[in-house]
Amino acid sequence: MECAYHRSGVCRSCTWIARPYAEQVAAKQDAVVRALAAAGVTGAEGIAWLPPATSAPAGFRTKAKMAVGGTIDRPTLGVLDAGLRGVDLSACPIMAPPLASAMPGLSRFIRRTGLLPYDVPRRRGELKYILATCADDGALLIRFVLRSRRQLGTLRRGLPLLRELVPGATVVTANIHPTHEAIIEGPEEVVLTDAATLPMPVGDIVLRVGPRSFTQTNTAVASQLYRQASAWLTGGAPAGGADGAAPGAPRELWDLYCGVGGFALHAARAGVPAVTGIEISGQAIDSAREAAAGLGLAPDAVRFVAADATRWARSQGRVPDAVVVNPPRRGIGEDLARWLDGSGVARVVYSSCFPATLASDLAAMPRLRPVAARLFDMFPHTAHAEVAVLLRRAA
Ligand SMILES: C[S@@+](CC[C@H](N)C(=O)[O-])C[C@H]1O[C@@H](n2cnc3c(N)ncnc32)[C@H](O)[C@@H]1O
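If you're matching positions, the sequence shown starts at 15 in this note's numbering and goes up one per residue.
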């Protein structure tokens with residue numbers, strides 16, 4: 015893919031951009047296969063690899079983290095260079111179309127409201143970042159990261175102007191980040207719109223996305239991931255058993271590290287009669303419950319609990335028929351891996367964004383054999399790989 019920012023050297027995020035796309039995908043899958051073999055995962059050589067779920071090479075990224083620099087008259091939306099000065103990347107070609115079309119309006123909004131970009135070396139100014147998430151239908155969640163509450167009034171009064179300049183602006187918040195640190199966001203979030211969550215159609219459902227919740231960055235590929243996990247869990251059969259259960263589907267499923275509920279809600283929709291999602295973020299759990307209600311799912315069919323995944327699983331005193339785990343990069347860790355291995359659960363879907371921890375976790379679960387796997391290319395033009403593996407208990 016062609017990118018003027020990469021060619022001129024101002025942005026090097028897409029380190030693999032010069033490689034043909036098919037070669038990138040093959041190299042990622044190869045790296046995962048090697049990581050599993052190197053970790054000594056039992057049964058790794060027998061995995062049936064499904065054809066990779068590929069991405070559009072451009073316009074796929076549904077989240078933008080734009081550092082704001084420059085001046086009120088000429089703001090930059092992009093990154094900070096080595097001297098901590100703003101570099102504009104507002105025409106980045108991997109941004110999804112609703113984000114790309116919002117960028118000129120956001121620059122105009124800064125100019126018209128006089129929100130002063132934060133100057134890191136001088137520690138002056140107010141607006142540090144704009145963090146935006148889009149749904150495919152064009153609706154946007156826009157977060158303004160401010161140094162203090164001083165400009166909250168300006169933002170509030172500016173909402174009608176923002177909606178005029180960026181018509182998709184559905185949820186707008188101010189994140190207050192007073193300290194001079196490298197981290198992007200601060201502890202306080204002020205929701206400025208009536209709507210506090212963004213409706214986001216993904217696969218067969220509509221998720222609700224709040225300002226601080228994790229969501230996958232590539233909606234088209236995430237849709238394929240959730241559908242694949244559902245098909246693995248239900249044997250690919252459609253819903254419609256006597257009690258609504260899909261034939262061959264588990265009766266009970268736990269979705270550990272469920273975020274706003276993508277796997278859990280897909281499984282419930284596909285006919286798994288009792289689904290529980292576990293997630294550490296209370297806000298994500300609120301969003302998952304809102305989405306479940308929006309889908310008309312009964313509270314006893316799918317429930318969401320804010321808890322630590324390992325502690326919660328270990329405290330139940332029973333096991334479900336199937337478990338989905340989709341942890342952060344650090345993986346599920348030895349404690350949960352050992353518990354799953356000894357638990358008697360028959361089927362596990364492990365969705366991972368970091369092959370090294372996937373490999374060490376699978377190596378710690380020798381009684382759960384990897385039978386099928388698929389690469390989901392959420393992050394084209396980088397070495398990052400998302401991979402899902404179906405595990406079955408060895409006889
Ligand atoms: C890779 S995300 C997956 C989210 C979700 N499955 C999805 O598809 O969007 C990992 C999630 O794990 C959550 N998390 C982190 N530590 C956790 C813990 N100890 N127990 C439960 N959830 C945790 C994070 O808040 C985040 O939402």
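Just so you know, even glycine gets a beta-carbon here, dropped at the ideal spot from N, CA and C. Everything numeric in this text was worked out from a predicted model, so none of it was measured.
Would you tell me roughly how many angstroms separate the C-alpha atoms of residue i and residue j, rounded to the nearest one?
i    : j    : result
P174 : I156 : 14 Å
A387 : T248 : 16 Å
E140 : Q43  : 44 Å
V220 : V316 : 15 Å
A402 : C367 : 9 Å
H395 : K142 : 27 Å
Y35  : D391 : 10 Å
W268 : I292 : 8 Å
R473 : L120 : Only positions 15 to 409 of the chain appear in the structure, and residue 473 is not among them; the question remains open.
I190 : H20  : 32 Å
L389 : A399 : 7 Å
L243 : R283 : Note that residue 243 is Ala in the sequence shown, not Leu. When rounded, the distance between both Cα atoms is 12 Å.
A116 : V82  : 15 Å
V363 : P369 : 14 Å
V319 : H194 : 34 Å
L405 : G84  : 51 Å
L113 : G345 : 30 Å
G254 : I86  : Below a pLDDT of 50, predicted positions are generally treated as unreliable, and G254, at 37, falls in that range; the measurement from the model is reported next regardless. The straight-line gap from Cα to Cα measures roughly 58 Å.
R343 : Q230 : 13 Å
N340 : D375 : 12 Å
S22  : D95  : 14 Å
S365 : D349 : 18 Å
V385 : L160 : 48 Å
R171 : Q165 : 10 Å
G224 : T211 : 4 Å
G296 : P89  : 35 Å
K77  : A409 : 43 Å
P192 : I198 : 11 Å
D322 : V338 : 15 Å
L309 : P215 : 11 Å
A105 : A51  : 41 Å
D355 : E59  : 19 Å
R325 : T68  : 35 Å
Assuming residue i is part of the alpha helix (DSSP H), what are its boundary residues?
i    : result
W268 : W268 -> not in any alpha helix (DSSP H); beta strand (DSSP E) instead, spanning E266 to L270.
D355 : G347 to S357
F228 : Neither: F228 is in no alpha helix (DSSP H) and is coded neither H nor E.
L376 : P369 to A377
R21  : A18 to S22
Taking C-beta to C-beta, are residue i and residue j nearer than 9 Å?
i    : j    : result
A307 : V289 : no
G276 : G347 : no
R75  : A18  : no
A336 : A360 : yes
A298 : G331 : no
A149 : P107 : no
L443 : A351 : Since the first residue of the chain shown is 15 and the last is 409, residue 443 is not available in this structure.
L382 : R407 : yes
A234 : L206 : no
K179 : F123 : A small correction: the amino acid at residue 179 is Leu; Lys does not occupy that position in the sequence shown. Taking 9 Å as the Cβ cut-off, L179 and F123 qualify as a contacting pair.
E80  : G97  : The residue asked about is misnamed: residue 80 is Met in this sequence, not Glu. No.
R241 : H280 : yes
P264 : P334 : yes
V39  : W63  : no
R99  : P135 : yes
W30  : A397 : yes
L169 : V185 : no
V101 : C28  : no
P4   : M15  : In the structure as shown, the chain begins at 15 and stops at 409. Residue 4 is therefore absent and cannot be evaluated.
R138 : L129 : no
Starting from residue i, trace the beta strand (DSSP E) in both directions and tell me its first and last residue.
i    : result
S365 : R361 to S366
G308 : Run containing G308: none in the beta strand (DSSP E); it sits in the alpha helix (DSSP H), G296 to G308.
R328 : That residue, R328, is in no beta strand (DSSP E); its alpha helix (DSSP H) goes A323 to S329.
G410 : With the chain covering only 15 through 409, there is no way to say anything about residue 410.
A146 : L141 to C148
F390 : L382 to F390
G291 : A288 to E293
R317 : V316 to A320
A402 : E400 to R407
V134 : V134 -> no beta strand (DSSP E), and no H or E assigned at all.
L155 : L154 to L160
A336 : A336 to V339
Just to confirm the assignment: which complete beta strand (DSSP E) runs, minimum length 3, are found wholly within the stretch 31-113? 77-84, 89-94 and 100-102
Which residues have a Cβ closer than 5 Å to any heavy atom of ligand 1, listed in chain order? F228, Y271, G273, G276, E293, I294, S295, D322, A323, N340 and P342
Those runs of the alpha helix (DSSP H) which lie wholly inside the stretch 167-248 and span at least 4 residues: 173-179 and 233-248
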